[in-house]
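Taking it in order: structure first as structure tokens, then the write-up.
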Amino acid sequence: YSTFQGDYKWKKHDLTYRIENYTPDMSVAEVDDSIKRALQLWADVTPLRFTRLYRGTADIMISFGVGDHQDGYPFDGPNGLLAHAFPPFEGIGGDAHFDDDEKFFYRSPQGYNLFLVAAHEFGHSLGLEHSRDPGALMYPTYIHRDVDTFVLPKDDVDGIQSLYGPNPDETGPRPTPPVTPNKCDPKLVLDAVTMLRGEIMFFKDSFFWRSSPHRGTVEQHLITGFWPEIPGHIDAAFESPLEDKVFIIKGEKVWALYGYEMAQGYPKSLSMFRLPRKVQKVDAVLYDETSYKILFFVNKQIYSYNEEQRRLEKGYPKPVEVVFPGMKGKVTAAFQYQGFNYLFSGSKMFEFGAYNKLRRVLNNNYFLPC
Amino acid sequence: YTSPIAPPADEDRESIAVNYLTQLYGLPNQSNSDTEKRSSGMSLRLKEMQQFFRLKVTGKLDEETLDVMKKPRCGVPDVAA
Chain S
1 YSTFQGDYKW KKHDLTYRIE NYTPDMSVAE VDDSIKRALQ LWADVTPLRF
51 TRLYRGTADI MISFGVGDHQ DGYPFDGPNG LLAHAFPPFE GIGGDAHFDD
101 DEKFFYRSPQ GYNLFLVAAH EFGHSLGLEH SRDPGALMYP TYIHRDVDTF
151 VLPKDDVDGI QSLYGPNPDE TGPRPTPPVT PNKCDPKLVL DAVTMLRGEI
201 MFFKDSFFWR SSPHRGTVEQ HLITGFWPEI PGHIDAAFES PLEDKVFIIK
251 GEKVWALYGY EMAQGYPKSL SMFRLPRKVQ KVDAVLYDET SYKILFFVNK
301 QIYSYNEEQR RLEKGYPKPV EVVFPGMKGK VTAAFQYQGF NYLFSGSKMF
351 EFGAYNKLRR VLNNNYFLPC
Chain V
1001 YTSPIAPPAD EDRESIAVNY LTQLYGLPNQ SNSDTEKRSS GMSLRLKEMQ
1051 QFFRLKVTGK LDEETLDVMK KPRCGVPDVA A
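Protein chains in written order, with my numbering: chain S, 1 to 370; chain V, 1001 to 1081.
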């Protein structure tokens, strides 16, 4: 997180706000509720309290405008800049302006959710600048999130509490603020790993890292920022070059990506791979390009599905250690890269070469340089 | 079979980048005359932006950088706000 240079914070905890006008995109009640909930997000974790005014000048004046709206920072039409706000100081300080050339929504995932945009802008109104944490609410770009389950991320909580301290009226347990996974964490345990058209995708909690070996870059993103339908904490993922699809598995559900697009007709059930009914969760999946076989890791066993023949292989399940001698721990993720098989267990990555001979045991951020 | 959508022409790319960096990274409005100064100012702000978004810091307007510039976002500058 970061805060505005200089002492840009309110010297009082009881603040006022006023909604000066409305957008035609939503009802008055929906706008009122979105604004109220967005302020409450910050009040829940600080001593700050917000009172609404219906006339006169409030600390936080909220308005919708288009193009040049007389504050010296014109908006730019649909998309692009959605809104802006001013840090705490006299006059325009604290005010939040929303670009009414945007389509704001109350609940639907398309367009821009007013609650999310407003919550971000009020972070500025209270003294926060943009955060570099891709999971933070104060990250500059708009990312749609499930507003029903949204919990202010830890980076934002730390930022606002660095200015105002915690909520002294804390009553009872609160949902744990989500922490953005750190690829430098030596104890990082990955949920799933897969190739995607030459890139390597590492999944952890609500995030994934996208590693482009040929570009030498690693980006971290919220899963929902790319695929709102796909949940966090997935179990496994693999790419089928035969179908040119990436399959993502959580519980008994299977989603499919076609490139970065969601494939139609999903989610399907895990039974599409003919796994026995008793298998209701897989730990990892490895696609073997040399044999078109899909290896499903279920606890300490492996099921092998022949993609060409569309059937489970005879003689399975087999113990993991029989197929990958030396692989003793539970496998949490797996992928094949440049002919080698990589199995992740805990914070380690086991590299297997020809005939599944164990070659090296590496740190699991070997492909995710810290 | 429509012809593939042409990538934004260079001047489009350039104007997207200049607008973005002017509004959000403090790129000073410069006349066209001092080209040298202008391009070095541009490269410096591009590096700042690439650094902020953990992109490859090249100071050049590559596809990844342009993609980030096109994403809907907040209008408060990322640096020197």
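The beta-carbon is built from N, C-alpha and C at its ideal position, and this holds for glycine as well.
Bridge partners - residue i, DSSP secondary structure assignment
i	result
residue 349 of chain S	S/344, S/362
residue 253 of chain S	S/250, S/269
residue 305 of chain S	S/294, S/312
residue 284 of chain S	S/297
residue 14 of chain S	S/49
residue 128 of chain S	S/3
residue 97 of chain S	S/63, S/84
residue 110 of chain S	According to DSSP, residue 110 of chain S bridges with nothing at all.
residue 19 of chain S	S/62
residue 74 of chain S	Its beta-bridge partners do not exist; DSSP assigns none.
residue 161 of chain S	Answer is none; residue 161 of chain S lacks a bridge partner.
residue 237 of chain S	S/248
residue 337 of chain S	S/340
residue 355 of chain S	BP columns for residue 355 of chain S are empty, so no partner.
residue 319 of chain S	S/301
residue 1074 of chain V	S/83
residue 262 of chain S	S/257
Spatially closest choice to residue i from the options, by CA coordinates
i	options	result
residue 266 of chain S	S/282, S/277, S/245	S/245
residue 1074 of chain V	S/59, S/102, S/92, S/88	S/102
residue 317 of chain S	S/328, S/331, S/142, S/301	S/301
residue 327 of chain S	S/72, S/361, S/309, S/19	S/361
residue 346 of chain S	S/67, S/354, S/364	S/364
residue 320 of chain S	S/40, S/52, S/292, S/350	S/350
residue 456 of chain S	S/307, S/329, S/306, S/309	Only positions 1 to 370 of chain S appear in this structure, which leaves residue 456 of chain S out of reach.
residue 257 of chain S	S/136, S/223, S/27	S/223
residue 234 of chain S	S/163, S/282, S/180, S/89	S/282
residue 229 of chain S	S/315, S/110, S/82	S/110
residue 185 of chain S	S/348, S/255, S/66	S/348
residue 50 of chain S	S/145, S/17, S/112, S/236	S/17
residue 44 of chain S	S/161, S/117, S/28, S/34	S/161
residue 337 of chain S	S/263, S/211, S/274	S/211
residue 1014 of chain V	V/1039, V/1051, V/1049, V/1048	V/1039
residue 421 of chain S	S/169, S/75, S/148, S/174	With chain S running from 1 to 370 in the structure shown, residue 421 of chain S is simply not present.
residue 232 of chain S	S/240, S/250, S/35	S/250
residue 158 of chain S	S/145, S/359, S/171, S/133	S/133
residue 290 of chain S	S/369, S/340, S/108, S/6	S/340
residue 287 of chain S	S/268, S/238, S/331, S/95	S/238
residue 30 of chain S	S/199, S/57, S/95, S/104	S/104
residue 36 of chain S	S/46, S/145, S/19	S/19
residue 24 of chain S	S/66, S/309, S/144, S/89	S/66
residue 108 of chain S	S/148, S/170, S/205, S/214	S/148
residue 1017 of chain V	V/1043, V/1054, V/1053	V/1043
Beta-carbon gap between residue i and residue j smaller than 9 Å
i	j	result
residue 279 of chain S	residue 192 of chain S	no
residue 151 of chain S	residue 177 of chain S	yes
residue 1056 of chain V	residue 216 of chain S	yes
residue 333 of chain S	residue 247 of chain S	no
residue 335 of chain S	residue 195 of chain S	yes
residue 97 of chain S	residue 63 of chain S	yes
residue 15 of chain S	residue 60 of chain S	yes
residue 208 of chain S	residue 260 of chain S	no
residue 3 of chain S	residue 127 of chain S	yes
residue 1 of chain S	residue 136 of chain S	yes
residue 10 of chain S	residue 119 of chain S	no
residue 87 of chain S	residue 80 of chain S	no
residue 1078 of chain V	residue 140 of chain S	yes
residue 270 of chain S	residue 254 of chain S	yes
residue 220 of chain S	residue 181 of chain S	yes
residue 190 of chain S	residue 296 of chain S	no
residue 82 of chain S	residue 68 of chain S	no
residue 13 of chain S	residue 48 of chain S	yes
residue 38 of chain S	residue 116 of chain S	yes
residue 112 of chain S	residue 33 of chain S	no
residue 1024 of chain V	residue 1041 of chain V	no
residue 352 of chain S	residue 366 of chain S	no
residue 293 of chain S	residue 305 of chain S	yes
residue 71 of chain S	residue 1019 of chain V	no
residue 183 of chain S	residue 369 of chain S	yes
residue 277 of chain S	residue 311 of chain S	no
residue 240 of chain S	residue 199 of chain S	no
Presumed contact (8 Å Cβ cut-off) between residue i and residue j, rounded CB distance
i	j	result
residue 1045 of chain V	residue 1021 of chain V	4 Å
residue 1076 of chain V	residue 124 of chain S	5 Å
residue 1058 of chain V	residue 1050 of chain V	7 Å
heavy atom of the ligand HEM below 8 Å from residue i C-beta
i	result
residue 132 of chain S	Because no ligand of any kind appears in the structure shown, any question about the ligand HEM cannot be addressed here.
Cβ of residue i within 9 Å of any chain A Cβ
i	result
residue 246 of chain S	Checking the listed chains, one finds no chain A in this structure; the protein chains it contains are S and V.
Subject >> Contained alpha helix (DSSP H) runs [length at least 4] in the region 1012 to 1064 of chain V, N- to C-terminal order >> reply: Qualifying alpha helix (DSSP H) stretches, in chain order: 1035 to 1052.
Subject >> alpha helix (DSSP H) runs contained entirely in the region 172 to 235 of chain S, provided each spans 4 or more residues >> reply: For the region 172 to 235 of chain S, whole alpha helix (DSSP H) runs of length 4 or above, ordered along the chain, are 223 to 226.
**OP:** Could you pull out every unbroken alpha helix (DSSP H) segment of at least 4 residues lying fully inside the region 22 to 48 of chain S, listed in chain order?
**Re:** Counting only unbroken stretches of 4 or more residues, the alpha helix (DSSP H) elements lying wholly within the region 22 to 48 of chain S are 28 to 43, in sequence order.
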